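A.B. asks:
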Amino acid sequence: MSKAIQIAIDGPASSGKSTIAKKIAKKLAYVYLDTGAMYRAITLLALDGHIPAEDADALKTLAEASDIIFEPGENGQRVLVNGQDQSEAIRTDRISKAVSAYSAVSELRQVLVEKQRAYTQNGQGVVMDGRDIGTVVLPDAEVKIFLTASAEERGRRRFLENQAKGYSEMNLQDLIEDIKRRDLYDSTREDSPLVPADDAVMLDSSDLTLEEVEESILAEIHRVIV
155 MSKAIQIAID
165 GPASSGKSTI
175 AKKIAKKLAY
185 VYLDTGAMYR
195 AITLLALDGH
205 IPAEDADALK
215 TLAEASDIIF
225 EPGENGQRVL
235 VNGQDQSEAI
245 RTDRISKAVS
255 AYSAVSELRQ
265 VLVEKQRAYT
275 QNGQGVVMDG
285 RDIGTVVLPD
295 AEVKIFLTAS
305 AEERGRRRFL
315 ENQAKGYSEM
325 NLQDLIEDIK
335 RRDLYDSTRE
345 DSPLVPADDA
355 VMLDSSDLTL
365 EEVEESILAE
375 IHRVIV
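For reference, each letter of the sequence shown is one residue, going 155 to 380 in the numbering used here.
1) Per DSSP, which residues does residue 163 bridge with? Please list them.
2) Confirm, please, whether the CB-CB distance from residue 374 to residue 355 is below 8 Å.
3) Considering just the uninterrupted stretch of the alpha helix (DSSP H) at residue 324, what are its terminal residues?
4) Out of 253, 334, 181, which one is the CA nearest neighbour of residue 195?
5) Measure the alpha-carbon distance for residue 161 versus residue 301 and round it to whole angstroms.
6) Under 8 Å by Cβ, that's how I've got residue 310 and residue 292 pegged, so tell me the actual separation to the nearest angstrom.
7) Residue 222 lies in the beta strand (DSSP E); which residues open and close that run?
8) With DSSP collapsed to three states, give me the class of residue 264.
9) Can you round the beta-carbon distance between residue 159 and residue 296 to whole angstroms, since I take them to be within the 8 Å contact cut?
10) By DSSP, does residue 239 sit in helix, in strand, or in coil?
11) In the DSSP assignment, what residue or residues form a beta bridge with residue 232?
12) Note down the Cα distance separating residue 298 from residue 163, rounded to an integer number of angstroms.
13) Can you tell me where the alpha helix (DSSP H) holding residue 256 begins and where it ends?
14) Sorted by chain position, which residues of the same chain lie with C-beta nearer than 6 Å to residue 339's C-beta, five sequence neighbours on each side aside?
15) For residue 268, which option in 168, 345, 362, 290 has the closest C-alpha, if you only look at C-alpha atoms?
16) Let me confirm a value: residue 367 is counted as buried when at least 16 other C-beta atoms fall within 10 Å, else exposed. Which label applies?
17) So what's residue 339 in DSSP terms, helix, strand or just coil?
18) Opposite residue 355 in the DSSP bridges: which residues?
19) On a Cα-Cα basis, can you pick out the residue from 317, 237, 347, 224 that is closest to residue 260?
20) Between residue 369 and residue 275, what straight-line distance do the alpha-carbon atoms span, to the nearest angstrom?
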């Protein structure tokens, strides 16, 4: 790579953003930031602290005071929240059901967006994934990908992932319906709705393997850099 760039990977729930972003970051030796994990971490803290999504001021204060750190781990990355490893806790269906409501709070988003942008200030190459990276967090990113797949395929993937991890909170049909609900919520919220950036490359992974998705994104990165 001739220069370090910013890579934004956006998309709906369970589209494979985090998985592919980690692979791309590792391939390029770039910093990887899972912004969705940050919203999940605050959602976990809010639920445990009995703070409703309607209490914007309390959520803003909570986000400002919270310490969210990403570290290498056995499964690629550990998420430390106020010093505790919450990598598994933030991925449960309990959090998945609630995170859209909390992440729609403007005051909370403003705090976390500033924390996310801080990761780019040292000039290192960075890969971020989320819902609004290419439109809000890194609007000047050199590469923007909008990764999606059908709700049925995303539900199937999450169901298999949950089975592998021993989760059994929701069956396949419930997962698909939950994904459709989150899609509607995320795409219609007032602040930073889930929409592709005007200059994003659209990539539907419904019928693609993980390797094919990786190849497509790497080809776009090389096209931009060379």
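Note that CB positions come from ideal geometry on N, CA and C, so glycine has one too.
All of these numbers come straight from a predicted model, not from anything done at the bench.
C.D. replies: Taking the coordinates as given:
1) For the purposes of this step, residue 163 is taken as residue 9 along the sequence shown, with counting starting at 1. According to DSSP, residue 163 bridges with 283, 299.
2) Indexing the sequence shown from 1 puts residue 355 at position 201. Indexing the sequence shown from 1 puts residue 374 at position 220. Contact: yes.
3) Position 170 of the sequence shown, counted from the start, is the residue given in the question as residue 324. Premise fails: residue 324 is in no alpha helix (DSSP H) and is neither H nor E.
4) The count along the sequence shown starts at 1 and reaches residue 195 at position 41. When only C-alpha atoms are compared, the closest one is 253.
5) Counting from 1 along the sequence shown, the entry for residue 161 is found at position 7. Counting from 1 along the sequence shown, the entry for residue 301 is found at position 147. Residue 161 and residue 301: Cα-Cα distance of roughly 13 Å.
6) As a working note, residue 310 is residue 156 in the sequence shown. As a working note, residue 292 is residue 138 in the sequence shown. With 8 Å as the limit, residue 310 and residue 292 do not qualify as a contact, their Cβ atoms being about 30 Å apart.
7) Position 68 of the sequence shown, counted from the start, is the residue given in the question as residue 222. Its beta strand (DSSP E) spans residues 222-225.
8) Along the sequence shown, read from residue 1 onward, the residue named residue 264 stands at position 110. It is helical.
9) As a position in the sequence shown, residue 159 is number 5, starting the count at 1. As a position in the sequence shown, residue 296 is number 142, starting the count at 1. Going by Cβ atoms, the distance from residue 159 to residue 296 rounds to 4 Å, so yes, they are a contact pair.
10) As a working note, residue 239 is residue 85 in the sequence shown. Residue state, collapsed to three classes: strand.
11) In the sequence shown, residue 232 corresponds to position 78, counting from 1. DSSP output for residue 232 lists 225 as bridge partner(s).
12) Mapped onto the sequence shown, residue 298 falls at position 144. Mapped onto the sequence shown, residue 163 falls at position 9. Approximately 6 Å between the Cα atoms of the pair.
13) As a position in the sequence shown, residue 256 is number 102, starting the count at 1. Note, residue 256: alpha helix (DSSP H), 247-257.
14) Here residue 339 corresponds to residue number 185 of the sequence shown, with the count starting at 1. If we look at residue 339 and ignore the five residues flanking it on each side, its Cβ neighbours are 254.
15) Translated into the one-based positions of the sequence shown, residue 268 becomes position 114. The option with the nearest alpha carbon to residue 268 is 290.
16) The residue labelled residue 367 in the question sits at position 213 within the sequence shown. Looking at its Cβ environment, which holds 16 or more other Cβ atoms inside 10 Å, residue 367 is buried.
17) The count along the sequence shown starts at 1 and reaches residue 339 at position 185. Three-state result, residue 339: helix.
18) For this step, residue 355 is matched to residue 201 along the sequence shown. In DSSP, residue 355 forms a bridge with 299.
19) Position 106 of the sequence shown, counting from 1, holds the residue named residue 260. The option with the nearest alpha carbon to residue 260 is 347.
20) Indexing the sequence shown from 1 puts residue 369 at position 215. Indexing the sequence shown from 1 puts residue 275 at position 121. Each residue's Cα considered, the two are about 28 Å apart.
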